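First the structure, in the form of structure tokens, and then the observations on it.
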Amino acid sequence: MLLEVKNLYVKYGNIEALHGISFTVDKGEIVTLIGANGAGKTTTLHTITRVPPPEGPKITQGDILYEGKSIIDTEAHKVVQDLKIALSPEGRHIFGNLTVEENLQLATYARKDNDQIQVDFKRVYDLFPRLFERRKQRSESLSGGEQQMLSVGRSLMTGANFIMLDEPSMGLAPLLMYDMFRALKELNSQGMTLLLIEQNARIALQFAHRGYVLDTGAIVASGNAKELMNNPDVKKAYLGG
């Protein structure tokens, strides 16, 4: 087991955002967390990666184990540098005044393996050929889909072997959305473990091996992707009946 979240309670100020959630991710898996806005999906990723916004979130109970060891006291930079976990955040948060190549290079700041960095540049450009075509352009000039590609590519350039993605399909046209998920599937086939949160439950479950359904801070359903696709409650709430 690569990641285990155990009975996790999390607060923002006086508001409890997660109410004792538990889930696991095995090495080489694609796992998705689905749910409506405000369900606690982004809070979950921020709590795991230790890169919260100001004033939260705060763990009040429970534990997060990575490769069997608790990481709840791990500093954010060590999550990336030592644990090799990266986050592709909602909203992308790329540096618009830097070129595509400079954004990718910036993500390697803590790495010493220069030979592998060059391999990873090629890996990103093979995965997203548009980024190679636009590598000298300022990233603010990219389309929304290209900026999402850059966000994922930047995560890969950290040297991560586990990437968490927050709403990778947000704002994308259907064709670009499917291109993104095909690229992520290819990345997984190369050995990358992925934890994905997504409002588009249908495509997330088509793409993932397993999933969990979050509703107002609690997990209300779980199973393999096919089981969740066929779950009447999940179909009614998230798949349009």
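Numbering-wise, the UniProt record's numbering puts 200 at position 200 of the sequence shown, and it's gapless, one number per residue. The beta-carbon is built from N, C-alpha and C at its ideal position, and this holds for glycine as well. Remember, it's a predicted structure, so these values are computed and weren't measured experimentally.
Residue nearest to K58 within the set T47, I203, E67, G68 is T47 (criterion: CA-CA distance).
Around the beta-carbon of P129, fewer than 16 other beta-carbon atoms lie within 10 Å, marking it exposed. In chain order, R135 place their CB closer than 6 Å to the CB of E101, counting only its own chain and leaving out the 5 sequence neighbours on each side. Under the three-state reduction of DSSP, M1 is assigned to coil, being neither helix nor strand. Shown here for L98: same chain residues with a beta carbon closer than 8 Å to its own, the five before and five after excluded, namely L106, R138, S139 in chain order.
The three-state secondary structure of V51, taken from DSSP, is coil. Nearest Cα to A39 within the set K226, D120, T216: T216. Counting the other Cβ atoms within 10 Å of the Cβ of A76 gives fewer than 16, which makes it exposed.
Here A221 has V213, L228, N231, D233, V234 as same chain residues with Cβ atoms under 7 Å from its own Cβ, once five neighbours each way along the sequence are excluded.
Taking the C-beta atoms as reference points, E29 is found no nearer than 8 Å to R202. Taking a C-beta distance under 8 Å as the contact criterion, L175 and V124 do not qualify as a contact pair. From the listed residues G91, D73, D126, the smallest Cα separation to E186 is found for D126. Residues Q81 of the same chain have their beta carbon placed closer than 6 Å to that of A110, with the five preceding and five following residues left out of the count. Per DSSP, the continuous beta strand (DSSP E) segment holding Q61 begins and ends at 58-66. Between the segment 79-96 and the segment 12-31 there are fewer than three C-beta pairs closer than 8 Å, too few to call the two in contact.
For G145 against L131, the beta-carbon gap comes to about 11 Å, at or over 8 Å, which does not count as contact.
Pairing Q147 with G62, the inter-Cα distance amounts to about 35 Å. For L184, there are no CB contacts under 6 Å within the same chain when 5 residues up- and downstream are skipped. The residue among D73, T158, K6, F121 with its C-alpha nearest the C-alpha of T108 is T158. Excluding sequence positions up to five before and after L172, its CB lies within less than 7 Å of the CB of G144, G145, Q148, M180, all in the same chain and listed in chain order. K69 is bridged by DSSP to Y66. In this structure, DSSP gives M164 an extended state, which the three-state scheme calls strand. For L106, the secondary structure class from DSSP, reduced to helix, strand or coil, is helix. Pairing I163 with F23 gives a Cβ-Cβ distance that is not under 8 Å.
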